[in-house]
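**Student:** This is the structure I want to talk about, given as structure tokens.
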Amino acid sequence: GSIRATTCVYKGKWIYEVLISSQGLMQIGWCTLNCRFNQEEGVGDTPDSYAYDGNRVRKWNVTTTNYGKSWAAGDIVSCLIDLDEGNISFCLNGVSLGTAFDNISRGSGMAYFPAISLSFKESVAFNFGSRPLRYPLKNGYQPLQDKPATDLMKAHKLLGYLNNVIKMDVSEGKLVERDSSTWQLQGEPTILITLAHIFNNFSPLMCKVYLVEDVLMSFLLGILKGGGAVEAHPLIQQLLDLMWLLMEDYEVHECLKQLLMSLLRAYRFSPIVPDLGLQIHYLRLTIAILKHEKSRKYLLNNVLFDVLRSVVFFYIKSPLRVEEAGLQELIPTTWWPNRFNKEGKESKEVKNESSEERLRRRAYERGCQRLKKRIEVVEELQVQILKLLLNNRDHGGGASRYIFLNKFRKFLQENASNRGNLTVLCPPEYMVCFLHRLIAALRHSWDEHKMKNVSALHSEDAYVPPQLFYNGKVDYFDLQRLGGLLSHLKKTLKDDLASKVNILIDPAELQAVTMDDLDEDEESAVSTAQVSLTRPTAALAIGGALARPSWLSSPTLGRANRFLSTAAVSLMTPRRSPGSIEKVKVRTLNMEQRTEEDIEGSHGNEGLLLGKPTEEPDQPITKNSLLEILDGIVMMYNLSVHQQLGKMVGVSDDVNEYAMALKDTEEKIGRCPERRRDICEELLKSQKVFSEKLNHLSRRLAWINVTIYSKEKMQDIYWLLRVCIRTIEHGDRIGSLFAFMPEFYLSVAMNSYSALKNYFSPVNSMEELPGYEDTLTRLAAILAKHFADPRIVGTDIRDSLMQALASYVCYPHSLRAVERIPEDQRISMMRNLLAPYEQRPWAQTNWILVRLWRGCGFGYRYTRLPHLLKTKPEDANLPSLQKPCPSTLLQRHMADLLRSDQEMAPSFLNSVLNQLNWAFSEFIGMIQEIQQAAERLERNFVDSRQLKVCATCFDLSVSLLRVLEMTVTLAPEIFLDWNRPSSELLLRRLAQLLNQVLNRVTAERNLFDRVVNLRLPGLESVDHYPILVAVTGILVKLLGPLICLSVCLSRAERATAVLLADPCFQLRSIQYLLGHTEPLVLGMTSSSADKKHFSLQSYTDYISQVELAKVEQMLGHLSEESKQAAAATLPTSEEDLCPICYAHPISAVFKPCSHKSCKACINQHLMNNKDCFFCKATITGVDDYIKPATS
């Protein structure tokens, strides 16, 4: 859209400024009244409109040409028009970009308006002169809005008088370093009257934005300019005292609001300079203002979270222009990793580093340390601001901490409830900085309380007690609980609340669907009564509670009189008497109305900790207010901090990619022949581009590593992880009430661990953190226990837990942590993993079992498939690309469970076989469609989503086969000991599926071959090797005892007989595994016959000689057995064959109907249905069928 201002100019030299809030597509400049804009045409696209576009670095006036420099968010564009000379020019951050247009149209009826065209979601702020220009020009250009010259001169004079009076000598009634009580009792009447008269003229001026920013803020900044601690400049405190004493309340309020808004704007949009001096200057003044108690409370109550986006004060913006930020001087030497392993990851080995590389790296690290020290100064000032806001010792009118807590909670609610509304949301980059500063301030206040109360917990052991989740004292908005909706939990668990923690639910409240449906009239009436008790009424505040001294009789000193009265009344504020609580209602108080007593409790009232369960220790934790802030910090991490941490890793990835490209280019330059100068020149150009980009990115990465991924920031996230772990452990002990815990605690536990492992390395290593092994084990115990916890009902959080556990078992250090959890928990975890796959998300479960097996199976020691080794993985850190790390301990638990539980093994394995049948059938159906689409001339195109689903079905088939291999290896008796129920059926079903898979994959010139040879993008994982080695592993284990001539001959013979008896068995499929081909068929060309065939013998890097020997023995054994079976098999009449499958002889007769089939068919049928195939009678039993003797 396009916007035109309502004021215009037709002669003279004029200027206005535009603050770029977002760096997207926009055109800024001037236009006439005749310009007509629409969706296609904006400023600069029509005659008599002129624009500068810093996004595309161009100027526009119907046509477009290159002009100026690229802008970024936070830049200020000055738009200048000289109607005397007839030209338009622009400045960026005070630096002229040169004349953009000359000979513009002038004359009668020609006037120019400021105008802008913006694309969707872009934002800017105009300054036509209502505030001082950030970059005023001295060569005759005037802002469109005249500055208030008379008021400016008056304000400067009055401020000078004020400064002189305050600095008078002690003998003359000096006011320096005296508090308000000293003034009202001992102050010189002449001085006070003089000050009152000055303020009588000064106060109205301080309500104007321009004067506050140009006069008052400049004056206050000048006081602090000399440096030193903020406390060394008491003049600011005295001035604020006088403002509250001698100005009307509405004047002080407006003045402070405008002052803070100006400070915030200045801090946010000041350019980054090497020493961050501008940011430090503005933060110091903010601290000085917030040190004043009355000002702090007013700003907290009405401005910081209501009018301003005060979180900006805790953000350190990243410089988009490295040169302007002075990073070249701070980090003169750049460095980037130039050694990579085969998978594209940065190599951690530095032993082969050259001396030149070492010097560069060390110089770069020294530069990073210099930058870190400067940023730490800013961070410490930001923490100081939060320490002031967390002050709970300024009790007059409610301590700052409780005001901050209520505002902070409302801030979280706005960000949790407006996920899609970007204008309301706090930007994630602000949230990250706010989180770290708040953790530092919280831990400081926590440990400060610990020093005064020895029995309290240290911040290192912090956690959130479970009663906060169910007693209704803390509002979690509409955030999901582990057990579902809060209204549902209150209905279903009301008896547990009453019996375990003495909390009774009001029956009337159970009728409300959510807590928002409660009658708010009653709450507002109660809150009004509370406010009337805790705040002095207006009449009392204005009236004379204290006798007025005679020298204060002047009518101009009404403000001073009110100041004295208010001070006295604040000392007599009555407290609310605690009443006896007969029934505790699970209702959240309005956040704005909570008092210190509601939060901290008093005289038997436990405040936020109401309803303490017996499982909780008696030891006090800390102040209740700090617990709620801690709870808010965890919520804040979940809202957007984790996503932002992952997003900023992209800069590091960019550095690695450019470093690899530069290294590759340098190698090509070295190989380039001298005669090909053209190629060499192009390579040198590429080398220069890559080097310049790396210089820029490495400095930017240094900034990001200091502000986001430093060791201190890592320790903050680690502390948060441990807080979540302890909170979950305490919540788990309270049984069914654990369901009240918000889901985000489990999410933050999983995500913070993921961030520590993936985002902070290789700069910082998680292994160096204190208590790392113990934390890993405790998190493993949480994942192992809760991924199948019936108290957790949310599908998304259950899936997240399962995925986290799946990722956990992929890495050796975290897998060992799983092995360290108590044995009963390990066995319980394995039992849950072996639950039937029906009616639950089983793919992740199967993946976990596969990872526990990977490294033990037949030819299953690879990290990447053989045919994919030459390609670079998209993300080498993916769990699936980690080296095999099998767990023999968990395998043993699995084997014991399958052997000991007679019902578990059949139900689990039947579900695995069912899913294998489904996955492989789906895969075959899809590759048929893909082949048909590829063969069509008019549409040689296959949908990428279909390819992805096809590859997923293939991968699932392979992983299910590996689980079957794992089962056959660990507990072969489940298939081969026919004394166990269902063993024979399981073996027959397994043999049937194995033969089907082999036949589909190994047939000559089959569908599978053709699709694999297409090598379509998305089907990279589809290949012969993974699926054939999985099938081979199962066959080798089933027939192993015979091959090895073991004593278990009967079992192996049984397996052989079942395999050969299956009608789908083809010896050719087994021969295919070793590359044995069929004889040349008539009509087959020699080229197709000579084509290279698949053979396990080609993969000697993946398959050992011992394994190959077993396959050779298996092939020989099956060849011999199939010959003998063919010779011994008597022709069977059709009447003797099973009427269902026509593959096996009749071997079972049904009761009571006496119909017949083979055992395999009836056993498989009875798994799902009890009715007879033929007559639908209910089958009560199955007997062996004995064929009657013929006469």
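Going by full-length UniProt numbering, the letters in the sequence shown line up with residues 1 to 1191, in that order. Virtual Cβ for every residue (Gly too), placed ideally from N, Cα, C.
Taking the alpha carbon of ALA739 as the point to measure from, which residue in GLU357, PHE469, LEU300 has its own alpha carbon closest?
**Tutor:** It is PHE469.
**Student:** Take TRP336 and list the residues in its own chain whose beta-carbon comes closer than 7 angstroms to its own, dropping the five residues that flank it on each side.
**Tutor:** The residues are VAL655, ALA659, LEU694, SER698.
**Student:** Quickly, what does DSSP pair ASP1184 with across the bridge? List them, please.
**Tutor:** Answer is ALA1148.
**Student:** DSSP on GLU376, reduced to helix/strand/coil?
**Tutor:** In this structure, GLU376 counts as helix in the three-state DSSP scheme.
**Student:** Considering LEU834, what are the terminal residues of the beta strand (DSSP E) in which it resides?
**Tutor:** No beta strand (DSSP E) holds LEU834; DSSP gives it neither H nor E.
**Student:** Compare the C-alpha of HIS488 against each of ILE193, LEU389, VAL793, VAL942 and name the closest.
**Tutor:** Per the Cα distances, VAL793.
**Student:** Closest by CA to LEU308, which one among VAL77, GLU357, LEU256, ALA895?
**Tutor:** Checked all of VAL77, GLU357, LEU256, ALA895; the closest Cα to LEU308 is LEU256.
**Student:** Using the Cα positions of MET636 and ILE827, report the straight-line distance between them to the nearest angstrom.
**Tutor:** C-alpha separation (whole angstroms): 36 angstroms.
**Student:** Pick from ALA155, GLY29, GLU213: whose alpha carbon is nearest that of SER262?
**Tutor:** The candidate whose alpha carbon is nearest that of SER262 is GLU213.
**Student:** Pull up the distance between the alpha-carbon of ILE1179 and that of PHE1150, whole angstroms please.
**Tutor:** Distance between the alpha carbons of ILE1179 and PHE1150 is about 6 angstroms.
**Student:** Should LEU970 and MET894 be called a contact, given that it needs their Cβ atoms to be closer than 9 angstroms?
**Tutor:** Closer than 9 angstroms, so yes.
**Student:** Using beta-carbon positions only, say whether ALA817 and GLU768 come within less than 9 angstroms of one another.
**Tutor:** Contact flag unset, no.
**Student:** Taking the continuous beta strand (DSSP E) assigned at CYS433, which residues delimit it?
**Tutor:** From DSSP, CYS433 is part of no beta strand (DSSP E) but of the alpha helix (DSSP H) over 428-452.
**Student:** Could you check which residue in LEU159, ALA5, LEU192, LYS757 has the C-alpha nearest to that of LEU205?
**Tutor:** Of LEU159, ALA5, LEU192, LYS757, the residue nearest in Cα terms is LEU159.
**Student:** Determine the burial state of ASP495: buried for a count of at least 16 other Cβ atoms within 10 Å of its Cβ, exposed for fewer.
**Tutor:** By the 10 Å Cβ count, ASP495 comes out exposed.
**Student:** Please state whether the Cβ-Cβ distance between LEU1073 and LEU1115 is less than 9 angstroms.
**Tutor:** Yes. Within cutoff.
**Student:** From the DSSP secondary-structure annotation, give me the bridge partner or partners of residue 1241.
**Tutor:** It is not possible to answer for residue 1241, since the shown part of the chain is limited to 1 through 1191.
**Student:** By a C-beta neighbour count over all protein chains shown, 10 Å radius and 16 as the cutoff for buried, is ALA115 buried or exposed?
**Tutor:** It counts as buried.
**Student:** Please state whether DSSP places GLY74 in a helix, a strand or coil.
**Tutor:** Coil.
**Student:** Would you mind sorting SER1154 into buried or exposed? The rule is 16 or more other CB atoms within 10 Å of its CB.
**Tutor:** Burial call: exposed.
**Student:** Reducing DSSP to helix, strand and coil, say where CYS26 ends up.
**Tutor:** First, the residue type needs correcting, since residue 26 is Met and not Cys in the sequence shown. Three-state DSSP puts MET26 in a strand.
**Student:** Tell me whether TRP60 sits in a helix, a strand or coil according to DSSP, three-state version.
**Tutor:** Correct three-state label for TRP60: strand.
**Student:** Beta-carbon within less than 7 angstroms of LEU865's beta-carbon, same chain only, minus the 5 sequence neighbours each way: which residues are those?
**Tutor:** Within the same chain, LEU865 has close Cβ partners SER1021, ASP1023, TYR1025, PRO1026.
**Student:** Across the stretch 750-764 and the stretch 699-716, are there enough close Cβ pairs to call them in contact, namely three or more that are closer than 8 angstroms?
**Tutor:** Touching, per the Cβ criterion.
**Student:** Around the C-beta of GLN928, are 16 or more other C-beta atoms found within 10 angstroms, so that it is buried, or is it exposed?
**Tutor:** So GLN928 ends up on the exposed side.
**Student:** Using 8 angstroms as the cut-off, can you tell me whether the stretch 844-853 makes contact with the stretch 959-978, which would need three or more C-beta pairs spanning the two stretches below that distance?
**Tutor:** Segments in contact, yes.
**Student:** If you drop the 5 nearest sequence neighbours on each side, which residues of the same chain put their C-beta closer than 8 angstroms to that of CYS8?
**Tutor:** Hits under 8 angstroms: LEU33, ALA111, TYR112, PHE113.
**Student:** Near LYS11, which residues of its chain fall below 8 angstroms by C-beta distance, leaving aside the five closest residues on each side in sequence?
**Tutor:** The answer, listed in chain order, is LEU83, ASP84.
**Student:** Starting from CYS91 and walking both ways along the beta strand (DSSP E), at which residues does that stretch end?
**Tutor:** Counting along the chain, the beta strand (DSSP E) containing CYS91 begins and ends at 87-92.
**Student:** Please report the residue range of the alpha helix (DSSP H) in which GLU254 lies.
**Tutor:** Element bounds for GLU254: 249-269.
**Student:** Just to confirm, is the Cβ distance from TRP446 to THR622 under 9 angstroms?
**Tutor:** The answer is yes: Cβ separation under 9 angstroms.
**Student:** Could you spell out the range, first to last residue, of the alpha helix (DSSP H) harbouring ARG851?
**Tutor:** Unbroken alpha helix (DSSP H) run through ARG851: 843-853.
**Student:** Name the DSSP bridge partner or partners of GLN891?
**Tutor:** Beta-bridge pairing links GLN891 to no other residue.
**Student:** Could you tell me the boundaries of the alpha helix (DSSP H) in which SER907 lies?
**Tutor:** Counting along the chain, the alpha helix (DSSP H) containing SER907 begins and ends at 904-935.
**Student:** Following a CB-centred definition, is ARG401 positioned closer than 8 angstroms to any heavy atom of the ligand GDP?
**Tutor:** Inclusion of the ligand GDP in the displayed structure is not the case, the ligand content being empty and no account of it being possible.
**Student:** What are the boundary residues of the beta strand (DSSP E) that includes GLU116?
**Tutor:** Residue 116 is actually Ile in this sequence, not Glu. Note, ILE116: beta strand (DSSP E), 113-118.
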